[in-house]
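> Residue numbers (our numbering): 74 to 590.
Structure, rendered in structure tokens:
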């Protein structure tokens, strides 16, 4: 039986270990998948932001080139057909990103005296020179017009080159004079919305490693996305930086369905694991209790049955039949052993009723001093047989408790019996009472073998018996203290214990005075 129990414990340990490893493994794989999904989302987000910043930088440069055409040359523009439908924003002052569609490709040309000189294309960040000389094709007039026309065109080209050089020189001026925070914010907002990025952001612009422009709430320590601003400038090092304070929450919210499903399955696995583990431990405990119960009850019934058999055999002897004193003696032995077995059966039945919460207490007015004296008298004979003594110190006044006299008395007797069993030599037991404002305290102490801390945690478990040495050599079936605790708690009280190995034990029974009349 012992070997079978050991193998059962090993199987349960292996089962717990395998279940734990499986749970940790599955949880780890899910965590890896979620982390990988988050990384993919983050990479896609960063790529979209980089595209938006590149497009913003390009639009800003195109805007500056167009401003150069209108503000500097003040010449007649020629617009392509697509720009005609989108160019209204230059005159009404509206922000650029509200009018300019992402797929709008436009071209701005400039004529000087009928000749196309400059072209600005939305797909390019450069000013293109296209000098088309408008000369007459008549051969006779060509000879007379050519020198003057060439000189005139050359002068016009000189003007254009001078303006372009001046434009490039102006690019070296302070960045605050070329760009406003509102313009940058407007274009950034348009580019982010175009790519589906609906997330608050902050931006800053640095020139030669010096911040020259920031939005409200800008924090340099946050993660930054960077892009070169005005990349075609000959001079200057300018960076446009954007940060998203709520980026992590934004990415996680975009994964809410995956996270929810993963969390539901993970929680389900954890609950299943814990329930299975709890069930396995409970089954293991039930199996141990059953084994202890069979062993203890077999031991407890074996002795009285053997005694009864011996008494019956002795009474069957012809010599004993004619001896009334012997017959009376053996009859008394049979009766006592039968009562002993009956008490054990009653204890088991009472515990079963307590388990089912079907134990009915018969409440009545009980004088506690009288009840404790009766309990002391109950163990008097056994105590005298061992040469022991019971000291009584009833410091509390005579109190009337509304309680079940029979069960409460049995609970006290069980604790006194426990003190007597675990006393070495002649038992020395003390029973005292104290009263507080809220409780009647019954204190039962002995000078027995005492208990370790681990044993104190288990003494109220059913079928548990404190061993003397390495063997359970104390009579009893391990139900007395468990029954006593159950009865005291049914009366609204509690039992506490103090003990030290080799120095005895002390039990405190607290009964609430709210039950008194």
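Here a beta-carbon is modelled for each residue, glycine too, at the ideal position from N, C-alpha and C.
DSSP has residue 570 in a bridge; who is on the other side?
Numbered from its first residue, the chain shown carries residue 570 at position 497. 580.
> Would you say residue 582 and residue 522 are within 8 Å of each other, going by their C-beta atoms?
The residue given as residue 582 occupies position 509 in the chain shown. The residue given as residue 522 occupies position 449 in the chain shown. It is not a contact, given that the beta carbons lie outside the stated cut-off.
> Return the chain-ordered list of same chain residues with a C-beta closer than 8 Å to the C-beta of residue 447, the five sequence neighbours on each side being excluded.
Within the chain shown, residue 447 is the residue found at index 374, counting from 1. Closer than 8 Å at Cβ, skipping near neighbours: 482.
> Buried or exposed: residue 239, going by 16 or more other Cβ atoms within 10 Å of its Cβ?
Indexing the chain shown from 1 puts residue 239 at position 166. Here the model assigns residue 239 a pLDDT of 46, short of 50, so the residue's position is not dependable, and the following value carries that caveat. Exposed, because fewer than 16 other Cβ atoms sit within 10 Å of the Cβ of residue 239.
> DSSP three-state call for residue 331: helix, strand or coil?
Position 258 of the chain shown holds residue 331. Residue 331: helix per DSSP, three-state reduction.
> Is residue 502 buried or exposed, if buried means 16 or more other CB atoms sit within 10 Å of its CB?
The count along the chain shown starts at 1 and reaches residue 502 at position 429. Classification of residue 502: buried, given that the 10 Å Cβ count is 16 or more.
> State the start and end residues of the unbroken beta strand (DSSP E) segment that holds residue 503.
The residue given as residue 503 occupies position 430 in the chain shown. 501-508 is the span of the beta strand (DSSP E), which, as asked, contains residue 503.
> Please state whether DSSP places residue 475 in a helix, a strand or coil.
Here residue 475 corresponds to residue number 402 of the chain shown, with the count starting at 1. Correct three-state label for residue 475: strand.
> In the DSSP assignment, find the alpha helix (DSSP H) that holds residue 441 and state where it starts and stops.
The residue you call residue 441 lines up with position 368 of the chain shown. Start and end: 441-451.
> To which residues of the same chain is residue 579 closer than 6 Å at the C-beta, ignoring the five residues directly before and after it?
The sequence position of residue 579 within the chain shown is 506, counting from 1. Result list for residue 579: 518 and 571, in chain order.
> If you reduce the DSSP assignment to three classes, tell me which class residue 380 lands in.
For the purposes of this step, residue 380 is identified with residue 307 of the chain shown, where counting begins at 1. In this structure, residue 380 counts as helix in the three-state DSSP scheme.
> Provide the residue span of the alpha helix (DSSP H) that contains residue 311, from first to last.
Indexing the chain shown from 1 puts residue 311 at position 238. That residue, residue 311, is in no alpha helix (DSSP H); its beta strand (DSSP E) goes 311-316.
> Helix, strand or coil for residue 266, going by three-state DSSP, please let me know.
On the chain shown, position 193 is the one that residue 266 refers to. Here residue 266 sits in helix by DSSP.
> In terms of DSSP beta bridges, what is residue 301 paired with?
One-based indexing of the chain shown puts residue 301 at position 228. According to DSSP, residue 301 bridges with 312.
> Verify whether the separation of the beta carbon atoms of residue 530 and residue 504 is less than 8 Å.
Taking the chain shown and counting its residues from 1, one reaches residue 530 at position 457. Taking the chain shown and counting its residues from 1, one reaches residue 504 at position 431. Going by C-beta atoms, residue 530 is not nearer than 8 Å to residue 504.
> Below 7 Å CB to CB, which residues in the same chain sit around residue 165 once its five sequence neighbours on both sides are set aside?
If you number the chain shown from 1, residue 165 lands on position 92. Per-residue confidence for residue 165 stands at a pLDDT of 37, beneath the threshold of 50, marking its modelled position as unreliable; the derived number appears in the next sentence. Hits under 7 Å: none found.
> With DSSP collapsed to three states, give me the class of residue 525.
Working through the chain shown from its first residue, we reach residue 525 at position 452. In this structure, residue 525 counts as coil in the three-state DSSP scheme.
> Expressed to the nearest angstrom, what Euclidean distance is found between the alpha-carbon atoms of residue 484 and residue 557?
The residue given as residue 484 occupies position 411 in the chain shown. The residue given as residue 557 occupies position 484 in the chain shown. When rounded, the distance between both Cα atoms is 4 Å.
> Pull up the distance between the alpha-carbon of residue 268 and that of residue 128, whole angstroms please.
Reading the chain shown from its first residue, position 195 is the one you call residue 268. Reading the chain shown from its first residue, position 55 is the one you call residue 128. Rounded to whole angstroms, residue 268 to residue 128 spans 11 Å at the Cα level.
> Within the chosen definition, does the stretch 114-129 reach the stretch 336-343 through at least 3 CB pairs nearer than 8 Å?
Output reads no: the stretch 336-343 does not touch the stretch 114-129.
> In this structure, how does DSSP classify residue 251 when only helix, strand and coil are distinguished?
Numbered from 1 along the chain shown, position 178 holds the residue referred to as residue 251. Note: residue 251 maps to coil in three-state DSSP.
> Please list the terminal residues of the continuous alpha helix (DSSP H) segment that includes residue 271.
Residue 271 sits at position 198 when you count from the first residue of the chain shown. Careful: residue 271 lies outside any alpha helix (DSSP H) and carries neither H nor E.
> Consult DSSP for residue 438 and reduce its assignment to one of helix, strand or coil.
In the chain shown, counting from the first residue as 1, residue 438 sits at position 365. Strand at residue 438.
> Using 8 Å as the cut-off, can you tell me whether the stretch 86-93 makes contact with the stretch 275-291, which would need three or more C-beta pairs spanning the two stretches below that distance?
Short answer: they don't touch.
> Answer yes or no: do residue 302 and residue 285 have a C-beta to C-beta separation smaller than 8 Å?
Locating residue 302 in the chain shown gives position 229, where the first residue counts as 1. Locating residue 285 in the chain shown gives position 212, where the first residue counts as 1. Result no, Cβ atoms of residue 302 and residue 285 do not sit closer than 8 Å.
> Any idea which residues DSSP pairs residue 467 with across the strands?
For the purposes of this step, residue 467 is taken as the residue at position 394 of the chain shown. According to DSSP, residue 467 bridges with 506.
> Report the residue from 134, 487, 98 and 564 whose alpha carbon sits nearest the alpha carbon of residue 439.
Along the chain shown, one-based indexing puts residue 439 at 366. When each option's Cα is compared against that of residue 439, the closest is 564.
> Taking three-plus beta-carbon pairs below 8 Å as touching, is the stretch 375-389 in contact with the stretch 408-419?
Segments in contact, yes.
> Just to confirm the assignment, what range does the beta strand (DSSP E) spanning residue 518 have?
Residue mapping note: residue 518 aligns to position 445 of the chain shown, counting from 1. 512-518 is the extent of the beta strand (DSSP E) around residue 518.
> Report all residues from its chain with a CB closer than 7 Å to the CB of residue 254; omit the five preceding and five following residues, and keep chain order.
As a working note, residue 254 is residue 181 in the chain shown. Answer for residue 254: 286 and 288, listed in chain order.
> When DSSP labels each residue in this structure, what does residue 533 get in the three-state scheme?
Locating residue 533 in the chain shown gives position 460, where the first residue counts as 1. Note: residue 533 maps to coil in three-state DSSP.
> Hey, could you find the ends of the beta strand (DSSP E) residue 284 is sitting in?
For the purposes of this step, residue 284 is taken as residue 211 along the chain shown, with counting starting at 1. Run containing residue 284: 283-287, per the beta strand (DSSP E) assignment.
> Determine whether the beta carbon atoms of residue 314 and residue 297 lie at a separation below 8 Å.
For the purposes of this step, residue 314 is identified with residue 241 of the chain shown, where counting begins at 1. For the purposes of this step, residue 297 is identified with residue 224 of the chain shown, where counting begins at 1. It is a contact, given that the beta carbons lie within the stated cut-off.
> How should residue 84 be labelled, buried or exposed, when 16 other C-beta atoms within 10 angstroms of its C-beta is the threshold for buried?
The sequence position of residue 84 within the chain shown is 11, counting from 1. Residue 84 is exposed by the Cβ-count criterion.
> Give every residue of the same chain whose Cβ lies closer than 7 Å to the Cβ of residue 114, excluding the five residues on either side of it in the sequence, and list them in chain order.
Residue mapping note: residue 114 aligns to position 41 of the chain shown, counting from 1. 324, 327 and 328, listed in sequence order.
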